[in-house]
Ligand SMILES: Nc1ncnc2c1ncn2[C@@H]1O[C@H](COP(=O)(O)OP(=O)(O)O)[C@@H](O)[C@H]1O
Ligand SMILES: Nc1ncnc2c1ncn2[C@@H]1O[C@H](COP(=O)(O)OP(=O)(O)O)[C@@H](O)[C@H]1O
Ligand SMILES: [Mg+2]
Ligand SMILES: [Mg+2]
Ligand SMILES: [Mg+2]
Ligand SMILES: [Mg+2]
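Chains as they are written, first to last, in my numbering: chain A, 1 to 211; chain B, 1001 to 1211; chain C, 2001 to 2332; chain D, 3001 to 3332.
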């Protein structure tokens, strides 16, 4: 499906554009590869999707997840890969992407990450961006907001979550080796999660009927 | 003999004081160790002579040569070591150091270096300081000059020889690997030879009856 | 960045090609994968051992593929865990019918990727067991964090579990021995200089002229602290002290020692370190059965070293001293 | 200067102590001398091999003391030939009644010091033969200069002459084989960075950020020229070209290859180089019987590498592949 492919392309673009920034964040308290890994993965996704015009949205997400799993490596590969696989499974057989479906996809993605990574919120990982984003999204949804507005609020919450990671000690991921010295540093994975939400929101804004 | 020991001490002092300079010269076209090697050797000589007050001059030179051979290493160790051994052999049985004996010692030392190193003048080695020094010494001697004056002229000739090494291509020693690129550089071994003659001259000046 | 490479993006591929060309008697490439296996893989009737991790730690891990050690090694991107499909392929290729032991260093990424591969292989009916090496005492061990990192001690796991597998032992036995090594091995390192991941093009940290990082990880992860460079003896004493705080070795007991260079350290310096390490152990009446000294688990061109102590019993000692024939470790 | 040492003046002494502590099964110290000999020296009824040179080239040469290679190694000050008394002592200790072969690298200092030692030993009635290794094609070979330097190819002389001695061959035969290796071995190197002699405390040359030295010596002697860093492939092609200009190897003939790291080079880069070297030789239909890759003849922490090609005949090949058991080279 062309829209799904374009949406993933927007994610790829923002990740590749932030390759250095994400790597630098990882350098401070990790091993300086998060941007390299994610960019390598999304380059591969771009390549895969270039030859996959006719696929439905669920297949696009599945292909994205499989490609990330087999090209990113490190912690982020299995985590984001699983997230896309799970989100794609939710979309399976759905004709259109409404707010409910989007919320279910986000929930499934987060569930996959938690299962794979055995982490919870507050451990200075991508979950500290994603879980607040999910909460903001569902709250907005329950208040009857549009998909775009839900995404905008989710992205804002993710941004706050990224800020929050500076204030806590890492207990999962490579930064946990630093103990207290991880304080003050922003988590790379939370940042890439925020960036992807931001790209999705930008994409939704462009394609939203109201604009 | 106290005088011989003091003379060797003067050599040791000038070499050790020029450790860095000699090493730097060797760095440009060799392997950056001539000063280190020579200083290590003369430190050892100092140590050996400290416990050798009663020896005669020939023995002092022999001990110096043996010590240099077993502590300097590299090219300079066998060359200078042999030189001191040969000079000491000339002194054997001699009561006093006159100009003739000094000339014979210098000649024997140079002969030892040439035999060991299989080099001739003009190959950018210590011989380019020592052979002109010997010639100047014997010329002055034939003109009836004092030992001190002979030494002063020999030192001056050695200094010119050192300058001359800048104008020639090395064909012996490590600098020969450089071929033409050894041009313009001053030879480290010629410099240490000049320094030792200079120290001897200074020593002779201090102990010369005329002063 | 000054490196003898052609293209930062191709460096792992070209390294693997160069390794196979250098060691055809030991290893072959699994076509289409960043996997090197024994030239005679699969070895029938023997438990197979697979390890791997990010590239940049050479000779780990492909250098230990050969008789008496590993059957396969999986190379990720530089300093990045390999992906599950790669590990899965390695497992399938080396399985000789008695199952496969995965030797994983304790990093979140490695564990997740190897676990996914294990799930895939098990679904195919291959018996897979896993051990996780966590020898780095620079990192506090606690159950509520990810625990200690796996560093140079991993090579002892390869050696000893590999020797056990060579005896024809079954998967559970090989795993037991590997776990025993892990329970008895501790390491800690220090760095004089950072290294540069080719694709990044610049160092991930910087150190002042006289500053060193104590307890850093093999991917340039920060260590316990920075300090002014001290003498080799003082540094060795600090590292050995940390190791023996964590691993109780009594007088009269026996250990193996590894003085591991990180890639940019002259062997001369490792020997100077070993002099002190050996003296410290001798001072406690601990016997050294064997010392390994050289570059075993590196971090590209990083200058620095790590010390590993493995406490031996009769079983571990016999397996440690058993023959091995691999590109990077040969003994007989 | 950032080094893991205690005292620049003591570094050779402490290194030797550390080496003996690391490898007691292989080597012992000759008390009072910077000489390491086989733990079971003298080996009776076998020609003994002694090599040596300045320190800073580890594992050369003490790392090659053991069965199938050297009997003794003499360590000079860093980058400085050892003195005659030290070499003389080594010769006396290792002589097992069949004479001693001195393997000397072609440097004026090494030759003079080893020759003086040989004269001393011969005066004692020990049969001594000498060979001089001069494999570095970066230096022009001419009879009116000192000729080419000896670098990493020396390790092949140790290996092959050592294997010959192990067969019980007499001194003339062992010397003949060593000369044959020397006639058929060529090397050339390049450096990315200088190194620092501990006692000097600063590098003997400097290179700009993107500059490399081609053909430099293993003591930091300047090479043929400087250039901007090129790709690994282009650099390998230049070095192999120079080597094969000098050593004629025909299609169908066989060689051994050594890709030697200078001390600060990651193994990853050596493998990338080997990929090209192997391809260049394959392109000429030259067969590679064996590749050695790693740190064999180093220059402290210098970054860079050298390539060595040894042309083999049946005799050399058999001796090259014969077993060896030494701290730095084990094969069986
Ligand atoms: N157990 C985990 N659960 C969730 N996220 C995690 C976990 N471990 C690490 N992460 C996330 O992964 C990011 C690091 O990814 P990356 O640098 O690509 O992997 P690696 O740590 O293997 O180098 C961290 O910043 C963190 O957000
Ligand atoms: N064959 C030779 N004959 C005479 N002098 C020589 C010869 N070879 C080298 N030299 C001298 O030795 C000096 C180098 O000494 P040194 O640096 O101590 O030894 P190495 O070259 O072994 O490092 C050169 O500068 C040169 O003057
Ligand atoms: Mg990372
Ligand atoms: Mg020199
Ligand atoms: Mg990583
Ligand atoms: Mg020298």
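Idealized CB from N, CA, C, for every residue including glycine.
(request) Taking all protein chains shown into account, decide if residue 1167 (chain B) is buried (16 or more other Cβ within 10 angstroms of its Cβ) or exposed. (result) To locate residue 1167 (chain B), count along the second chain from 1; it is residue 167. It counts as exposed.
(message) Suppose the cutoff is 8 Å on Cβ atoms and the five residues either side in sequence are ignored; what does the same chain contact list for residue 3044 (chain D) look like?
(response) Looking up residue 3044 (chain D) in the fourth chain gives position 44. If we look at residue 3044 (chain D) and ignore the five residues flanking it on each side, its Cβ neighbours are 3096, 3097.
(message) Against chain C, which members of the segment 3151-3163 of chain D pass a CB distance test of less than 8 Å?
(response) If you check each beta-carbon in the segment 3151-3163 of chain D against every beta-carbon of chain C, none falls closer than 8 Å.
(message) At a cut-off of 8 Å, would you count residue 37 (chain A) as near ligand 8, judging by its Cβ distance to the nearest heavy atom?
(response) Within the structure as shown, ligand 8 is missing, the only ligands being ligand 1, ligand 2, ligand 3, ligand 4, ligand 5 and ligand 6.
(request) Classify residue 33 (chain A) as buried or exposed, calling it buried when 16 or more other Cβ atoms lie within 10 Å of its own Cβ. (result) In the first chain, the residue the question calls residue 33 (chain A) occupies position 33. Looking at its Cβ environment, which holds 16 or more other Cβ atoms inside 10 Å, residue 33 (chain A) is buried.
(message) I want to check one thing, is the minimum distance from the CB of residue 2067 (chain C) to the heavy atoms of ligand 3 below 8 Å?
(response) Numbered from 1 along the third chain, position 67 holds the residue referred to as residue 2067 (chain C). Every heavy atom of ligand 3 is 8 Å or more from the Cβ of residue 2067 (chain C), so no.
(message) Tell me the rounded alpha-carbon separation between residue 2325 (chain C) and residue 2331 (chain C).
(response) Within the third chain, the letter at position 325 stands for residue 2325 (chain C). Within the third chain, the letter at position 331 stands for residue 2331 (chain C). Taking the straight line joining both Cα atoms gives about 7 Å.
(message) Does the structure place the segment 2068-2083 of chain C close enough to the segment 2026-2037 of chain C that three or more beta carbon pairs sit under 8 Å?
(response) Segments in contact, yes.
(message) Using a Cβ-Cβ distance cut-off of 9 Å, determine whether residue 211 (chain A) contacts chain C.
(response) For the purposes of this step, residue 211 (chain A) is taken as the residue at position 211 of the first chain. The pLDDT assigned to residue 211 (chain A) is 45, lower than 50, so where the model puts this residue is not dependable, and the model offers no usable value.
(message) Please return the same chain residues whose Cβ sits closer than 6 Å to the Cβ of residue 3203 (chain D), not counting the five positions on each side in sequence.
(response) Here residue 3203 (chain D) refers to the residue found at position 203 when the fourth chain is read from its first residue. Once the five neighbours on either side are set aside, the close Cβ partners of residue 3203 (chain D) are 3194, 3196.
(message) I'd like to check one pair, residue 2038 (chain C) with residue 2091 (chain C): are the Cβ atoms closer than 9 Å?
(response) Locating residue 2091 (chain C) in the third chain gives position 91, counting from the first residue. Locating residue 2038 (chain C) in the third chain gives position 38, counting from the first residue. No, Cβ-Cβ distance for residue 2091 (chain C) and residue 2038 (chain C) is not below 9 Å.
(request) Figure out for me which residue from C:2176, C:2120, C:2114, C:2087 has the closest Cα to the Cα of residue 2315 (chain C). (result) As a position in the third chain, residue 2315 (chain C) is number 315, starting the count at 1. For residue 2315 (chain C), the nearest C-alpha among the options comes from C:2176.
(request) Please decide whether residue 80 (chain A) counts as near chain C, where near means a Cβ-Cβ distance under 9 Å. (result) For the purposes of this step, residue 80 (chain A) is taken as residue 80 along the first chain, with counting starting at 1. It does not; no Cβ of chain C falls within 9 Å.
(message) Can you tell me whether residue 2150 (chain C) is buried or exposed? The criterion is at least 16 other CB atoms within 10 Å of its CB, across all chains shown.
(response) Within the third chain, residue 2150 (chain C) is the residue found at index 150, counting from 1. Classification of residue 2150 (chain C): buried, given that the 10 Å Cβ count is 16 or more.
(message) Would residue 166 (chain A) pass as an interface residue toward chain C - the criterion being a Cβ-Cβ separation below 9 Å?
(response) Taking the first chain and counting its residues from 1, one reaches residue 166 (chain A) at position 166. Against chain C, the CB of residue 166 (chain A) has no partner CB under 9 Å away; the residue lies outside that interface.
(request) Check whether the Cβ of residue 122 (chain A) lies closer than 9 Å to any Cβ atom in chain C. (result) Start at 1 with the first residue of the first chain, and residue 122 (chain A) comes out as number 122. So, not an interface residue.
(request) Taking residue 3267 (chain D) as the query, report the chain C residues whose CB atoms sit under 8 Å from its CB, ordered along the chain. (result) Residue mapping note: residue 3267 (chain D) aligns to position 267 of the fourth chain, counting from 1. Near residue 3267 (chain D) (Cβ distances below 8 Å), the residues of chain C are 2058, 2059, 2063, 2263, 2295, 2298.
(request) Anything in the segment 3065-3091 of chain D with a Cβ closer than 9 Å to a Cβ of chain B? List those residues in chain order, please. (result) Residues 3076, 3077, 3078, 3079, 3080, 3081, 3082, 3083, 3084, 3085, 3086.
(request) Could you please go through the chain and list the residues whose beta-carbon is closer than 5 Å to any non-hydrogen atom of ligand 4? (result) Spelled out in chain order, the answer is B:1026, B:1030, B:1031, B:1033, B:1034.
(message) Less than 9 Å between CB atoms is the rule here; does residue 3006 (chain D) satisfy it with respect to chain C?
(response) As a first step, residue 3006 (chain D) must be located in the fourth chain, where it is residue number 6. Chain C, which has a Cβ nearer than 9 Å to the Cβ of residue 3006 (chain D), makes this yes.
(message) Just to confirm my understanding: we take residue 3005 (chain D), look at its own chain, exclude 5 residues before and 5 after, and list those with CB closer than 8 Å. What are they?
(response) The residue you call residue 3005 (chain D) lines up with position 5 of the fourth chain. Listed in chain order, the non-local C-beta contacts of residue 3005 (chain D) below 8 Å within the same chain comprise 3011, 3014, 3198, local neighbours out to five positions each way being set aside.
(request) Have a look at residue 191 (chain A) and residue 126 (chain A) and give me their C-alpha separation to the nearest angstrom. (result) As a working mapping, residue 191 (chain A) is identified with position 191 in the first chain. As a working mapping, residue 126 (chain A) is identified with position 126 in the first chain. Taking the straight line from one Cα to the other gives about 7 Å.
(request) Could you check the C-alpha separation between residue 3118 (chain D) and residue 3260 (chain D) for me, to the nearest Å? (result) As a working note, residue 3118 (chain D) is residue 118 in the fourth chain. As a working note, residue 3260 (chain D) is residue 260 in the fourth chain. Their Cα atoms are separated by approximately 30 Å.
(request) Let me know the secondary structure DSSP gives residue 3198 (chain D) once reduced to three states. (result) Within the fourth chain, numbered from 1, the residue matching residue 3198 (chain D) stands at position 198. Reduced to three states, the DSSP call for residue 3198 (chain D) is coil.
(message) I'd like to know whether the C-beta atoms of residue 3179 (chain D) and residue 3255 (chain D) end up nearer to each other than 9 Å.
(response) Taking the first residue of the fourth chain as position 1, residue 3179 (chain D) is located at position 179. Taking the first residue of the fourth chain as position 1, residue 3255 (chain D) is located at position 255. Between residue 3179 (chain D) and residue 3255 (chain D), the C-beta gap is not smaller than 9 Å, which leaves the two residues out of contact.
(message) Less than 9 Å between the beta carbons of residue 1046 (chain B) and residue 1009 (chain B), yes or no?
(response) Here residue 1046 (chain B) refers to the residue found at position 46 of the second chain. Here residue 1009 (chain B) refers to the residue found at position 9 of the second chain. Residue 1046 (chain B) is a Cβ neighbour of residue 1009 (chain B), given a cutoff of 9 Å.
(request) Reducing DSSP to helix, strand and coil, say where residue 1084 (chain B) ends up. (result) One-based indexing of the second chain puts residue 1084 (chain B) at position 84. Helix, per DSSP.
(request) Provide the residue span of the alpha helix (DSSP H) that contains residue 2256 (chain C), from first to last. (result) Locating residue 2256 (chain C) in the third chain gives position 256, counting from the first residue. It is not in any alpha helix (DSSP H) - residue 2256 (chain C) instead sits in the beta strand (DSSP E) that spans 2254-2261.
(request) Please name the residue in A:4, A:200, A:38 whose C-alpha comes closest to that of residue 19 (chain A). (result) Residue mapping note: residue 19 (chain A) aligns to position 19 of the first chain, counting from 1. A:38 is the residue among A:4, A:200, A:38 whose C-alpha sits nearest the C-alpha of residue 19 (chain A).
(message) Please determine whether the Cβ atom of residue 1043 (chain B) lies at a distance below 8 Å from any heavy atom of ligand 2.
(response) Here the question's residue 1043 (chain B) lines up with position 43 in the second chain. No, the Cβ of residue 1043 (chain B) stays beyond 8 Å of every heavy atom of ligand 2.
(request) With 8 Å as the C-beta to C-beta threshold (strictly closer), list the residues of the segment 1034-1063 of chain B near chain D in chain order. (result) Flagged, chain order: 1036, 1037, 1040.
(request) Check each residue of the segment 3011-3038 of chain D: if its Cβ is closer than 9 Å to any Cβ of chain B, include it; give the result in chain order. (result) So the list is empty, because no residue satisfies the distance condition.
(request) Spell out whether any CB of chain D is found under 9 Å from the CB atom of residue 1171 (chain B). (result) Against the second chain, residue 1171 (chain B) aligns to sequence position 171. Yes, residue 1171 (chain B) counts as interfacial toward chain D.
(request) Answer yes or no: do residue 2230 (chain C) and residue 3018 (chain D) have a C-beta to C-beta separation smaller than 9 Å? (result) As a first step, residue 2230 (chain C) is located in the third chain; it is residue number 230 there, counting from the start. As a first step, residue 3018 (chain D) is located in the fourth chain; it is residue number 18 there, counting from the start. At the C-beta level, residue 2230 (chain C) and residue 3018 (chain D) stay beyond 9 Å of one another.
(request) Tell me, please, whether the segment 1098-1118 of chain B touches the segment 1145-1152 of chain B by the rule of three or more beta-carbon pairs shorter than 8 Å. (result) With contact defined as three or more Cβ pairs closer than 8 Å, the segment 1098-1118 of chain B and the segment 1145-1152 of chain B are in contact.
(request) Could you say which of D:3183, D:3241, D:3239, D:3240 lies nearest to residue 3313 (chain D) if we only look at CA atoms? (result) The residue given as residue 3313 (chain D) occupies position 313 in the fourth chain. Across the set D:3183, D:3241, D:3239, D:3240, the C-alpha of D:3183 shows the shortest separation from the C-alpha of residue 3313 (chain D).
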